[in-house]
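This report refers to the structure that appears directly beneath it.
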Amino acid sequence: MPNVTVSLPTDIIQKMDKLGKETDRIIGACLTEAAVPVEQAVKQKYDQVVGRPHIVRRNGRLYNYGLRSTGALRRAIGTTKPRQDRKGNYDIKIGFAGSVPGGKITNGRLAGLIENGCKKRNQPPRPFIKPAEKASKAASLEAFERKFDEEVNKL
Numbered sequence: 001m002p003n004v005t006v007s008l009p010t011d012i013i014q015k016m017d018k019l020g021k022e023t024d025r026i027i028g029a030c031l032t033e034a035a036v037p038v039e040q041a042v043k044q045k046y047d048q049v050v051g052r053p054h055i056v057r058r059n060g061r062l063y064n065y066g067l068r069s070t071g072a073l074r075r076a077i078g079t080t081k082p083r084q085d086r087k088g089n090y091d092i093k094i095g096f097a098g099s100v101p102g103g104k105i106t107n108g109r110l111a112g113l114i115e116n117g118c119k120k121r122n123q124p125p126r127p128f129i130k131p132a133e134k135a136s137k138a139a140s141l142e143a144f145e146r147k148f149d150e151e152v153n154k155l
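For the record, in the sequence shown the residue sitting at position 153 is 153 according to this note's numbering, with numbers rising by one throughout.
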């Protein structure tokens with residue numbers, strides 16, 4: 001399943017160590033706030049990519065390999081709750097929940113096929129996850145830092 005990873009600067013991590021008992025709540029709130037720009041960017045890039053016509057000329061004939069959108073995949077884009085793994089690392093995931101109507105393929109796998117293309121089906125790659133990750137990285141870190149400062153000032 002395609003996912004997005006954003007690493008935190010070490011100075012923020014050092015500030016977090018000073019928070020004590022409130023660390024879990026504050027990090028969860030900050031991760032949730034930081035996920036919003038990334039999720040919005042994924043949806044925006046998805047809208048730009050899916051539904052756009054892709055015309056190919058073969059043997060003198062034109063073929064349209066454009067993607068038809070029912071909106072189900074866009075509605076499946078969502079964010080998980082923040083959690084902590086066994087090693088103590090916090091994470092939040094932005095991905096695709098559920099499966100395509102009919103249940104033969106998951107939405108995550110379908111998103112991967114759109115992102116990377118499929119030579120077997122002559123489908124060209126139409127990246128929207130990686131460009132969204134790159135475009136929203138700065139905004140995500142800014143939102144995290146803003147929420148973090150807000151939470152620290154409350155203490």
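Idealized CB from N, CA, C, for every residue including glycine.
If you're wondering where the values come from, they're calculated on a predicted model, not measured in any experiment.
- Around the beta carbon of Glu-150, fewer than 16 other beta carbons lie within 10 angstroms, which makes this residue exposed.
- A straight-line Cα-Cα distance of about 16 Å links Arg-61 and Asn-122.
- Within the same chain, Cβ atoms closer than 8 Å to the Cβ of Arg-83 are found at Tyr-90, Asp-91 and Ile-92, the five residues on either side in sequence being excluded.
- If you check the CB distance, Pro-37 and Ala-143 come in under 8 Å.
- Thr-10 has no beta-bridge partner at all, per DSSP.
- Counting only residues of its own chain and dropping the five nearest sequence neighbours on each side, Lys-147 has a CB closer than 7 Å to the CB of Ala-29, Cys-30 and Glu-33.
- As computed with DSSP, Asp-47 is found in no beta bridge at all.
- Shortest Cα-Cα distance from Asn-153 to any of Asp-11, Leu-19 and Ile-13 involves Leu-19.
- Nearest Cα to Lys-45 within the set Lys-21, Arg-57, Ile-77 and Val-56: Ile-77.
- Across the structure, Ile-12 and Lys-21 are spaced so that their CA atoms are roughly 17 Å apart.
- In the structure shown, the three-state DSSP call for Val-38 is helix.
- Taking all protein chains shown into account, Gly-95 has 16 or more neighbouring C-beta atoms within 10 Å of its C-beta and is therefore buried.
- A distance below 8 Å between beta-carbons, with the five flanking residues on each side excluded, links Gly-103 to no residue of its chain.
- Restricting attention to alpha helix (DSSP H) runs no shorter than 4 residues, the stretch 77-121 encloses them at 107-116, ordered along the chain.
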